[in-house]
Amino acid sequence: MTSRRRVLATLAASAGALAAVGCKPKETTTTANCESVETFEWKMVTAWPPNFPGLGTGAKFLAEQINTMSGGRLSVKVYGAGELIPAFEVFDAVSSGSAQMGHAAAYYWKGKVPEAQFFGAVPFGMNAMEMNAWLYHGGGLELWSEAYAPHNLAPFPAGQTGVQMGGWFNKEINSVEDIKGLIMRIPGLGGEVLSRAGGTPQILPGAELFTALQTGTIDATEWVSPYNDLAFGLHQAAQFYYYPGWHEPTACLECMINKDAYQALPEDLQSVVKIATMAANQHMLSDYVAANNKSLEALVQQHGVQLRAFPEEVLEVFKGHAEAVIQELGESSPLAEKIYRSYRDFAKKTNSWLQISELSYLKAR
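Each residue of the sequence shown is one higher than the one before, counting from 1 in this note's numbering.
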């Protein structure tokens, strides 16, 4: 009787151990009856400073969800910009397979994949809600995957910032004349627009912005919004804080994955990655909505930041150049034209609905 109890106890313990690693025990349960569970260890490199609010913590949230949802079968370790590679080498690192995942913004890679800019931020384009709708339900993600396929990458939306701020300036912007000769950190299509308006765009990683602005290497910089700008202390380097962020009605952040590594995962872990990126996408947007107003109040009330709206004249000039820049990009290749038409047509359709839903409600409220 004692011997039988010991056997049953052993079998019960074995079944519990197998269940803990996701292995379903067979009728005659022994450890030998269960196939070994394969585990994967991935590196995620990012374009953001380690644990930076919103962006860096968003990447960390994504990794944590994958680790938890996979039951430890897929472990992702996050490396911030500079910890393993520089910020602007994320694309090449993941493409080559030296890292399995990357977290960044698609417009950083315009020199490698010009079409990628449509998936990062389009001046005067779709906001976060519209972008998500286009990507998930309007064919946008399929086009993004087509653009990245030659580079052995699978892209996923993994964060939205919402409408950003127009940036920090060391002088007031009262007319288009004030834009001429202005040296400003602004990437992607927004940089092209600034250039046509007479400014000089620069591309710098986030960690270099404060010093560049403080020393006068640049005259102005956009970064994200109050949540991130306060964390970088940009209010200590420039006095005037402009809105709206015409250049980035949202920044759609990306999780790029080495396609070979992704295809090596079993189907259930591939699904874990997909769902985790969707969770990270919504989580980041909610984080920004919750944190931006509190941070803006601190900037204005505690630090005396001078909040300014861009003059209508300046916005109209920017908008005119933006339309030309976007159309020219759409004519640059057959794939770019396909993406441009899809983006443009979807934006027109959603705009009609937003006019009688979101916009009219906000006015009524």
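Glycine included, every Cβ here is placed at the ideal spot set by N, Cα and C.
Fair warning: this is a prediction, and the values are worked out from it, not measured in the lab.
Scanning its chain for C-beta atoms nearer than 7 Å, with the 5 sequence neighbours on each side dropped, one finds around Val163 the residues Asn127, Pro244, Gly245, Pro249, Thr250, in chain order. The alpha carbon of Ser36 has as its nearest neighbour, out of Arg73, Trp353, Glu328, Asn67, the alpha carbon of Arg73. Taking C-alpha positions only, Pro49 is separated from Val78 by approximately 11 Å.
Only exposed fits Tyr361, as fewer than 16 other CB atoms lie within 10 angstroms of its CB. When secondary structure is reduced to three states using DSSP, Arg344 falls in the helix class. By the Cβ rule, the stretch 200 to 218 does not count as touching the stretch 269 to 281, because fewer than three pairs are nearer than 8 Å. The beta-carbon distance between Gly120 and Ala106, rounded to whole angstroms, is 4 Å. This is short enough to meet the 8 Å contact definition. Leu359 and Gln263 have their C-alpha atoms spaced approximately 43 Å apart.
For Met129, the three-state secondary structure derived from DSSP is helix. For Met69, the enclosing alpha helix (DSSP H) starts and ends at 55 to 69.
Of the residues assessed, Lys110 falls on the buried side of the cut-off, its CB having 16 or more other CB atoms within 10 angstroms. Counted as a single uninterrupted DSSP element, the alpha helix (DSSP H) harbouring Ile275 occupies residues 267 to 297. Here Ser271 has no same chain residue with a Cβ atom under 6 Å from its own Cβ, once five neighbours each way along the sequence are excluded.
A distance below 7 Å separates the beta carbons of Phe61 and His283. Going by DSSP, Phe169 is part of the beta strand (DSSP E) stretching over 167 to 169.
With the rule of 3 Cβ pairs closer than 8 Å, the stretch 174 to 183 counts as touching the stretch 213 to 229. By the 16-neighbour rule on beta-carbons within 10 angstroms, Asn228 is buried.
Taken atom to atom, the span from the alpha-carbon of Asn293 to that of Thr39 is near 42 Å.
Ranking Met44, Lys43, Phe52, Ala59 by CA distance to the CA of Leu253 puts Ala59 first. Taking C-alpha positions only, Gly166 is separated from Asn51 by approximately 24 Å.
Between Phe124 and Lys319, the C-beta gap is smaller than 7 Å, which places the two residues in contact.
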